[in-house]
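Residue numbers (this note's numbering), protein chains in the order written: chain A, 1 to 303; chain B, 1 to 187.
The structure appears right after this line, and notes come after that.
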Amino acid sequence: MEPNWALARKRQNLEQRARIVQTIRAFFVEQGYLEVETPHRLPGNAPEPHIDAEQSGDWFLQTSPELCMKRLLAAGYPKLFQIGRCWRQGERGRRHLPEFSLLEWYRTDGTYLDLMEECERLLRRLVPSGVLTWAEQEIDVASAWERLTVDDAFRRYAGISASAALDAGEFDLLLAERIEPKLGTTTPTLLYDYPAPLAALARRKPDNPRLAERFELYVAGLELANGFSELTDPLEQRQRFVQDEAARSAAGKPGYPIPEKFLAELGGIESAAGIALGVDRLVMLLTGAEDIAKVVTFTPEEL
Amino acid sequence: MYACSDLRKGLKILIDGEPHVIAQFDFTKPGKGQALYKCKLRNMLTGALFDRTYRSGESFEPAQLEERDMQYLYQDEAGYVFMDQKTYEQTTLTEDVLGDDRYFLIDNMEVKILLFGERGIGVTLPNFVNLRVTEAEPWVKGDTAAGNNKPATVASGYNLQVPSFVEEGTLIQIDTRTGEYVTRVKE
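This is how it looks when you write it as structure tokens:
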């Protein structure tokens, strides 16, 4: 019997993946972050209009550990990180797996601007040469990164303002088709200041409440991370949950119970910022793999 | 009718009354936004390839195609000739319509020909074919890591990646659905 060729040829990527995860851990531990594990099964996730959880008995598998991470912040843990599994129903493509690894980190002493700067330092640590090559693109990680507002990106690459695209229901399609392929092609791009309706758990900008302090990191057109200054006002957060729950049930999706313990404790955080980074996609970028299947041991189809 | 969640490589749908096959498929989702289904479609009548992105909520009419058992005979200037073994009727498929499938045809191979009306517009191959390697770099002694690979060419002119221990003259099995190497064939 020959060994399973498809599995055997992943060896280099899997070895590199292990080194990447070790480097990530070292990076955060050195800066005083505490690594934690929170439960995978939850009574409910934070409601998101376009993210569907897998049911697990009467509960759900997590789509992100964000609610538990923020409860820890509220209890007085100032700097936290977690590398864990998340599940999102129906998401399977060259850049998506329905079960995937997410790195999340949170801090009570900063805003989304501090997270952007941490992304820069983390990626520079992971790419000592300063240059990474992916899908025939050379990305300079060492120089200053491009910072582009969402509205500027829409005007530049789609010829329409972000709010007009949102009103026309074309925001996601234009972002995926016209804008994302242009992002992070010379240096990584930090795309920031999203329309407030597209940021369920983010704080609005103090000087412009129509925008939220949310950003996404793109490298070589690949969306790598999503971070924001956290909304810490329990009343506004409850309103948004109720709205998003109503949108979910109108779309025929299963309801989540309102996370009362989270809302009760949220007021204990004065301010905070948090971010989720796709570990599988990071490994894709650093190994050159263009298909997510090549950086995980088994895809669902291989089981 | 198919929904977006049914879309996958190889699915055959009708667009403007003409059969199309999904040649490449990808699911994507920008940010926390809505799901998008990116398709590269091949018009099965003309062979023309084009991109189209669908959003959840759209639906698709299946292309009703008859399949007929036929045998592959030979290649001539017009294309690839197949024969119905019961009626002895012959059908020719062009290179454009066959795409990469043409590399996996072996003389006298039994296949299913897809018909749209009376017209042959595609082929369903056996899942696995055996082809001989005609070009490959020699095996470097000591390179025993099972995951190492190298490019190779098989008798039909098809290029693929194979493990480092596969040498010229080796008969290998290829999965016709993915175009990838499976294993060496014992002779």
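In this text, a Cβ means the ideal position worked out from N, Cα and C, and glycines have one as well.
For clarity, every value in this text was computed on a predicted model and none was experimentally measured.
Contacting residues, own chain, Cβ-Cβ under 7 Å from residue i (five flanking each side not counted)
i: Leu98 (chain B); result: Tyr80, Val123
i: Ser59 (chain B); result: Met1, Tyr2, Ala3
i: Ala136 (chain B); result: Lys150, Ala152, Val162, Val166, Glu167, Glu168
i: Ser307 (chain A); result: The question about residue 307 (chain A) has no answer here: the residues shown for chain A are numbered 1 through 303.
i: Lys182 (chain A); result: Tyr157
i: Thr87 (chain B); result: none
i: Trp139 (chain B); result: Ser164, Phe165, Glu167
i: Asn4 (chain A); result: none
Cut-off 6 Å between Cβ atoms - residues of its own chain near residue i, not counting five sequence neighbours on either side
i: Asn226 (chain A); result: Glu216, Ala276
i: Tyr158 (chain B); result: Tyr103
i: Thr111 (chain A); result: Ser229, Ala273
i: Asn148 (chain B); result: Ser164
i: Gly120 (chain B); result: Thr91, Leu93, Ile113
i: Gly130 (chain A); result: Val141, Ala142
i: Leu174 (chain A); result: Ala158, Ala165
Three-way DSSP call (helix, strand, coil) for residue i in this model
i: Ala304 (chain A); result: The question about residue 304 (chain A) has no answer here: the residues shown for chain A are numbered 1 through 303.
i: Thr111 (chain A); result: coil
i: Trp5 (chain A); result: helix
i: Pro195 (chain A); result: strand
i: Ser164 (chain B); result: coil
i: Leu173 (chain A); result: helix
i: Lys112 (chain B); result: strand
i: Ile269 (chain A); result: coil
i: Phe262 (chain A); result: helix
i: Gln64 (chain B); result: coil
i: Ile292 (chain A); result: helix
i: Thr185 (chain A); result: coil
i: Asp107 (chain B); result: coil
i: Asn148 (chain B); result: coil
i: Asn127 (chain B); result: coil
i: Val29 (chain A); result: helix
i: Glu187 (chain B); result: coil
i: Glu231 (chain A); result: Note that residue 231 (chain A) corresponds to Leu in the displayed sequence, not to Glu. If DSSP states are grouped into helix, strand and coil, Leu231 (chain A) belongs with coil.
i: Ala165 (chain A); result: helix
i: Thr134 (chain B); result: strand
i: Glu104 (chain A); result: strand
i: Glu89 (chain B); result: coil
8 Å CB neighbourhood of residue i in its chain, flanking five on each side removed
i: Ile128 (chain B); result: Note that residue 128 (chain B) is Phe in the sequence shown here, rather than Ile. The answer, listed in chain order, is Gln173, Ile174, Asp175, Thr176, Val182.
i: Thr287 (chain A); result: Gln12, Asn13, Gln16, Arg17, Lys294, Val295
i: Met109 (chain B); result: Gln71, Tyr72, Leu125, Pro126, Val129
i: Val242 (chain A); result: Ile258
i: Gly10 (chain B); result: Val21, Ile22, Arg177
i: Tyr77 (chain A); result: Leu34, Val36
i: Asp151 (chain A); result: Ser161, Ala162, Ser163, Asp193
i: Ile269 (chain A); result: Lys70, Leu73, Ala74, Thr108, Glu230, Thr232
Where the alpha helix (DSSP H) containing residue i begins and where it ends
i: Trp139 (chain B); result: Counting along the chain, Trp139 (chain B) falls outside any alpha helix (DSSP H), and DSSP gives it neither H nor E.
i: Asp96 (chain B); result: 95-98
i: Ser249 (chain A); result: 234-250
i: Arg177 (chain B); result: Counting along the chain, Arg177 (chain B) falls outside any alpha helix (DSSP H), and DSSP gives it neither H nor E.
i: Asp280 (chain A); result: 279-287
Bounding residues of the beta strand (DSSP E) (the contiguous stretch that carries residue i)
i: Met1 (chain B); result: Per DSSP, Met1 (chain B) belongs to no beta strand (DSSP E) and is neither H nor E.
i: Val81 (chain B); result: 79-84
i: Ile121 (chain B); result: 119-124
i: Ala202 (chain A); result: Where Ala202 (chain A) is concerned, there is no enclosing beta strand (DSSP E), given that its DSSP letter is neither H nor E.
i: Gly255 (chain A); result: Run containing Gly255 (chain A): none; DSSP gives neither H nor E here.
i: Glu213 (chain A); result: 208-219
i: Ser156 (chain B); result: It is not in any beta strand (DSSP E) - Ser156 (chain B) carries neither H nor E in the DSSP assignment.
CB-CB length for residue i against residue j, believed under 8 Å
i: Leu80 (chain A); j: Leu34 (chain A); result: 6 Å
i: Arg178 (chain A); j: Ala202 (chain A); result: The pair is not a contact, with the Cβ atoms about 24 Å apart (cut-off 8 Å).
i: Ala48 (chain B); j: Ile13 (chain B); result: Actually they do not touch by this definition, with Cβ atoms about 15 Å apart.
i: Leu148 (chain A); j: Thr23 (chain A); result: About 28 Å separates the two Cβ atoms, so there is no contact after all.
i: Leu102 (chain A); j: Gly84 (chain A); result: 6 Å
i: Arg68 (chain B); j: Leu105 (chain B); result: No, Arg68 (chain B) and Leu105 (chain B) are not in contact; Cβ-Cβ is about 16 Å, not under 8 Å.
i: Ile292 (chain A); j: His96 (chain A); result: 7 Å
Neighbour flag for residue i against chain C, beta carbons, 8 Å
i: Ile160 (chain A); result: In the displayed structure, chain C is absent; the protein chains listed are A and B.
> Could you give the uninterrupted runs of the beta strand (DSSP E) lying entirely in the region 9-58 of chain B, keeping only those of 3 residues or more?
Replying inline: As far as the region 9-58 of chain B is concerned, its whole beta strand (DSSP E) runs of at least 3 residues are 12-15, 18-28, 36-43, 49-55.
> In the region 111-163 of chain A, which residue ranges form an unbroken beta strand (DSSP E) of at least 3 residues, counting only runs that do not cross its ends?
Replying inline: The qualifying runs are 131-134, 137-140, 146-149.
> Could you give the uninterrupted runs of the beta strand (DSSP E) lying entirely in the region 32-99 of chain A, keeping only those of 3 residues or more?
Replying inline: 59-61, 79-87
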